[in-house]
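**Q** Quick one: the structure is below, and I'll ask about it shortly.
Protein chains in written order, with my numbering: chain A, 10 to 322; chain B, 64 to 312.
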């Protein structure tokens, strides 16, 4: 079932087009990574989905409900974390979560229970009675994640959820997101930390200058942008095998690295299909001790740069 | 609990925790006590060889008139200063977006702010009025409890109108300073209309002169001023709500 969908979503600020005819379809129970350079339109799209901004044209649906600005029915089903979560500094962390629970109409007993669960989840239990004004940026980010989860949302919109966190905090948040997905929550997260996206997102959309450049499963995307490079490792020198490879018409280039007795070959193929057929046979016939053989996929970062970086003026 | 009451409670708690309630009460208490004290001892404060001889003896009516005038002037400044950031600063900091991404209506958001400010100023006006009344009784004689009470209520309604205008502008713009400036200009213009022949029977600015009349137990009642003022409080709140809900957060 579709969790988030938009058709021709466009947002203009005067002459500036922040979103240009965005079409997206995101299935339930996935973590969708929304990528793009600064100013690409990620935050604008998130704000429209969260009912905080109106589109100039086009429509969007979240959990089957058409997105209308400040729709209370829709907002009771979603969670939203802005890029820089802001709190009432005179409140403590627990007080803020209690306030959010009251907004969602939870009973006092449920609020106490949920607050304890969420404070535990984001590792803020010990600081729950401290005023938010004394929180570090990472603590505020974690409190922001907790408040977005108060209503056990069906869809969670997160704008750069890991941007203010240290590597340990990032890892914890990403693990939390994976757990939430397992509990049937759809997560829509924008991020510029591509390693994080690659780690947890099943599908991604890359946006540039308000336009969707690509929407795809992460694995499919990496396969699509694979550079036909094969990595082969032998447990002995492989000079004669390298010469043999270089004589093949379907091989473009062979790079060799030798570390001790181990030879590491990076074979870039002109013809991927022939390489896939020929290489295993040649390795078997070479008499060398094979240590590793794999097709090298690009990282998401490399794909991102290829898609977006080349479009820069 | 409806979202209005949740937000109202949060607003009122915020007024307490940030000492805004305490400061506003202290301001009104000081000028409530200060007005009769100042008028009683003005002769003693001014050097004997200067204009002291030309200062008349003040009566109870003079004290109440001076108190109502201070309520209109100091109260207006206090109302603008306290209310100008009520929505603008929340939009600027991002807390409004956090709150309004939840199932909260923009109407409840604005109404809760106005209600919490009204309670704060209501408490402050009450404390100031009690102080002023008691000191006036002690130093000048009884000004008439009922008339003093009604005059204070009219002054309070004027300040409620000032708060409603300031909260409305605070929802229009992101800068608290701009909201304060717009409110000051608008309220000064409205106060100016109280002196115009065709407007003095309708302008909220005329609430203070009506309060003066009530305090001195003379002059006609201006029911249209009351009706128009209440209507304008409602209209400015509705305009503020309608404009605010169209704003990008």
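Just so you know, even glycine gets a beta-carbon here, dropped at the ideal spot from N, CA and C.
Straight-line CA distance for residue 207 of chain A to residue 310 of chain B?
**A** Rounded to the nearest angstrom, the two C-alpha atoms are 35 Å apart.
**Q** Closer than 8 Å is the cut-off here; do at least three beta carbon pairs connect the stretch 152-163 of chain B with the stretch 85-103 of chain A?
**A** The stretch 152-163 of chain B vs the stretch 85-103 of chain A: in contact.
**Q** Would you identify the three-state DSSP class for residue 122 of chain A, choosing helix, strand or coil?
**A** Looking at residue 122 of chain A - three-state DSSP - the assignment turns out to be helix.
**Q** Taking 7 Å as the CB-CB limit, is residue 112 of chain A close to chain B?
**A** It does: the Cβ of residue 112 of chain A has a partner Cβ on chain B nearer than 7 Å.
**Q** Quick one: what does DSSP say residue 322 of chain A is sitting in, helix, strand or coil?
**A** Interpretation of residue 322 of chain A is limited by its pLDDT of 48, a score under 50 that renders its predicted location unreliable; the figure taken from the coordinates is listed afterwards. Residue state, collapsed to three classes: coil.
**Q** Indicate whether at least one CB of chain A lies closer than 7 Å to the CB of residue 157 of chain B.
**A** Yes, its Cβ sits closer than 7 Å to a Cβ of chain A.
**Q** Measure from the C-beta of residue 135 of chain A to each C-beta in chain B and report whether the shortest distance is under 7 Å.
**A** Answer no: the Cβ-Cβ gap between residue 135 of chain A and chain B never drops below 7 Å.
**Q** Just the C-alpha distance for residue 64 of chain A and residue 210 of chain B, rounded to the nearest angstrom, thanks.
**A** Between residue 64 of chain A and residue 210 of chain B, the C-alpha separation is close to 55 Å.
**Q** What are the uninterrupted segments assigned as beta strand (DSSP E) that are 3 or more residues long and contained completely in the stretch 42-120 of chain A, given in chain order?
**A** List check, beta strand (DSSP E) in window: 66-71, 87-90.
**Q** Return the residue from the list B/243, B/192, B/76 that minimises the CA-CA distance to residue 228 of chain B.
**A** Checking every option, the nearest Cα to that of residue 228 of chain B belongs to B/243.
**Q** Quick one: Cα of residue 177 of chain B to Cα of residue 177 of chain A, how far?
**A** About 44 Å.
**Q** Helix or strand or just coil, what does DSSP make of residue 130 of chain B?
**A** Helix.
**Q** Given a threshold of 16 other Cβ atoms within 10 Å of its Cβ, counted over all protein chains shown, does residue 78 of chain A qualify as buried or as exposed?
**A** Label assigned to residue 78 of chain A: buried.
**Q** Enumerate in chain order the residues of its own chain whose CB-to-CB distance from residue 31 of chain A is below 6 Å, with the five nearest sequence positions on each side excluded.
**A** Contacts found: 15, 18, 221.
**Q** Identify which residue in B/119, B/97, B/291 has its Cα closest to the Cα of residue 131 of chain B.
**A** Ranking B/119, B/97, B/291 by Cα distance to residue 131 of chain B puts B/97 first.
**Q** Kindly identify the DSSP beta-bridge partner or partners of residue 301 of chain A.
**A** According to DSSP, which records beta bridges pairwise, residue 301 of chain A is partnered with A/242.
**Q** For residue 192 of chain A, which of helix, strand or coil comes out of DSSP?
**A** Three-state DSSP puts residue 192 of chain A in coil, outside helix and strand.
**Q** Contact between the stretch 39-58 of chain A and the stretch 192-211 of chain A: three or more CB pairs below 8 Å?
**A** Yes, the stretch 39-58 of chain A touches the stretch 192-211 of chain A.
**Q** Contact between the stretch 218-225 of chain B and the stretch 123-139 of chain B: three or more CB pairs below 8 Å?
**A** The stretch 218-225 of chain B, when compared against the stretch 123-139 of chain B, does touch it at the 8 Å Cβ threshold.
**Q** Compile a chain-ordered list of the residues in the stretch 53-67 of chain A whose CB is closer than 9 Å to at least one CB of chain B.
**A** Listed by position, the residues of the stretch 53-67 of chain A near chain B (Cβ gap below 9 Å) are 56, 59, 60, 61, 62, 63.
**Q** Whole angstroms is fine: what's the gap from residue 118 of chain B's alpha carbon to residue 259 of chain B's?
**A** So the two alpha carbons sit approximately 30 Å from each other.
**Q** Looking at C-alpha atoms only, which residue of B/74, B/66, B/294 is the closest neighbour of residue 180 of chain B?
**A** The shortest C-alpha separation from residue 180 of chain B is found at B/74.
**Q** Using a C-beta to C-beta distance shorter than 7 Å, which residues of chain B count as neighbours of residue 93 of chain A?
**A** Under the 7 Å cutoff, chain B gives 157.
**Q** Output yes or no for whether 7 Å exceeds the beta carbon distance between residue 254 of chain A and residue 265 of chain A.
**A** The answer is no: Cβ separation not under 7 Å.
**Q** Could you list which residues in chain B have their beta carbon closer than 8 Å to that of residue 96 of chain A, in chain order?
**A** The contacting residues are 158, 161.
**Q** For the stretch 77-97 of chain B, enumerate the residues whose C-beta is nearer than 7 Å to any C-beta of chain A, in chain order.
**A** Against chain A - using a Cβ distance shorter than 7 Å - the residues of the stretch 77-97 of chain B are 77, 80, 81.
**Q** Cβ of residue 233 of chain B within 7 Å of Cβ of residue 297 of chain B?
**A** No, the Cβ-Cβ distance between residue 233 of chain B and residue 297 of chain B is not below 7 Å.
**Q** Among residues of its own chain, excluding the 5 on either side of residue 211 of chain A, which ones have a beta-carbon nearer than 7 Å to its beta-carbon?
**A** Closer than 7 Å at Cβ, skipping near neighbours: 39, 40, 226, 227.
**Q** Buried or exposed for residue 68 of chain B, please, with buried defined as at least 16 other CB atoms from any protein chain shown within 10 angstroms of its CB.
**A** With fewer than 16 other Cβ atoms within 10 Å, it is exposed.
**Q** Over what stretch of residues does the alpha helix (DSSP H) that includes residue 225 of chain B continue unbroken?
**A** Start and end: 208-235.
**Q** Which residues in chain B sit within 7 Å of residue 259 of chain A, going by Cβ to Cβ distance?
**A** Under the 7 Å cutoff, chain B gives no residues; its nearest Cβ is about 55 Å from residue 259 of chain A.
**Q** From residue 173 of chain B to residue 266 of chain B, what does the alpha carbon distance come to, in whole angstroms?
**A** Cα to Cα, the separation comes out at about 24 Å.
**Q** Would you check if there are 3 or more beta carbon pairs closer than 8 Å linking the stretch 67-84 of chain A to the stretch 100-109 of chain A?
**A** Because the criterion of three Cβ pairs below 8 Å is not met, the stretch 67-84 of chain A and the stretch 100-109 of chain A do not touch.
**Q** Spell out whether any CB of chain B is found under 7 Å from the CB atom of residue 322 of chain A.
**A** Because the pLDDT of residue 322 of chain A is 48, which lies under 50, any placement of that residue in the model is unreliable, and the question is left without a value.
**Q** Below 6 Å CB to CB, which residues in the same chain sit around residue 251 of chain A once its five sequence neighbours on both sides are set aside?
**A** So the list reads 263, 265, once near-sequence residues are dropped.
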